[in-house]
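Residue numbers are given in our numbering: position 29 of the sequence shown equals residue 803, and the series is strictly consecutive.
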Amino acid sequence: MNALLKRVWIGLATTLIVSLAAVVLPDHIQIEDDGRIHLGAPAPAPSSFPSMAVPAPESTSPPLTRDAVDEVIRTAVRAAGLDPAQGLPTVPADAQAKRTGWTAVREKTAAQSEMDAVCADLERQGWTLNPNKKGHPDASRSYKRGGWYLVVHMRGTNQAPSPTSALTDSQTYLTLTGIQLNLADVRLPDMPLPEITVRIG
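Take a look at the structure:
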């Protein structure tokens, strides 16, 4: 008699747990024809589990060197009607191979059109606008090519490169910042949902 009551209580408890799970996780309950109930989706095959969605260099773009990116920057600056020599490098030429940049003080009235011209020339050179970059497209845009990310942006007195840099109210900085960052090999580990099988009866 006690064994029968024990089985009844276990059956009731199991039914209650399954019922609650069906309400909370309806997409993860599978009931077989033989009365077996699966809690949790079956583990996907390793090959079908998607990897982390991250920006990666375009397959059609070979890796670029820092010297090549520096030339890209100079070409885009010239396309905007500016002299690269009138700006300043943001990273010394012999400091780092994976970072570079250029900045210049510009009048606000002309800076936006100059930035648009720089961006247009980057696209002409084969750089792709990065859709994952959040921000204001009128003040900052991000491009990628050959393992490099290149950000074109304007910033005012509150974000001056150094305390000794002084801007008037009518001026802003036009800056191009390049960084080599290859995230193509980053992967999330496989994390399948657990599978629990319960048989009633």
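All C-beta atoms in this analysis are idealised placements derived from N, C-alpha and C, irrespective of residue type, glycine included.
Predicted model, so just to flag it, every value in this text is computed and none were measured.
Practice task
Could you pull the start and end residues of the alpha helix (DSSP H) that L896 belongs to?
Solution key: The residue labelled residue 896 in the question sits at position 122 within the sequence shown. Counting along the chain, the alpha helix (DSSP H) containing L896 begins and ends at 882-898.
Problem - Paired residues, beta bridge with V926 - DSSP - result: Within the sequence shown, the letter at position 152 stands for residue 926. V926 pairs with R915, L950.
Handout entry: Cross-strand partners of V879 (DSSP beta bridge)
Key = Mapped onto the sequence shown, residue 879 falls at position 105. DSSP lists Y947 as partners of V879.
Exercise for the section: Check whether the Cβ atoms of A885 and T946 sit closer than 8 Å, and answer yes or no. Expected result: Position 111 of the sequence shown, counting from 1, holds the residue named residue 885. Position 172 of the sequence shown, counting from 1, holds the residue named residue 946. Yes. Within cutoff.
Practice task
Measure the alpha-carbon distance for E881 versus S944 and round it to whole angstroms.
Solution key: Residue mapping note: residue 881 aligns to position 107 of the sequence shown, counting from 1. Residue mapping note: residue 944 aligns to position 170 of the sequence shown, counting from 1. Going by the C-alpha atoms only, they are around 6 Å apart.
Practice task
Starting from the C-beta of C893, find all residues in its chain whose C-beta is less than 6 Å away, skip the five residues before and the five after it, and write them out in chain order.
Solution key: The residue given as residue 893 occupies position 119 in the sequence shown. R915, V926, listed in sequence order.
Exercise for the section: Could you tell me which residues DSSP pairs with R873 in its beta bridges? Expected result: Taking the sequence shown and counting its residues from 1, the one referred to as residue 873 is at position 99. Checking the DSSP bridge columns, you'll see R873 partnered with I953.
Exercise for the section: Starting from T942, follow the alpha helix (DSSP H) in both directions and report where the run begins and ends. Expected result: Residue numbering aside, residue 942 sits at position 168 when the sequence shown is read from its first letter. Premise fails: T942 is in no alpha helix (DSSP H) and is neither H nor E.
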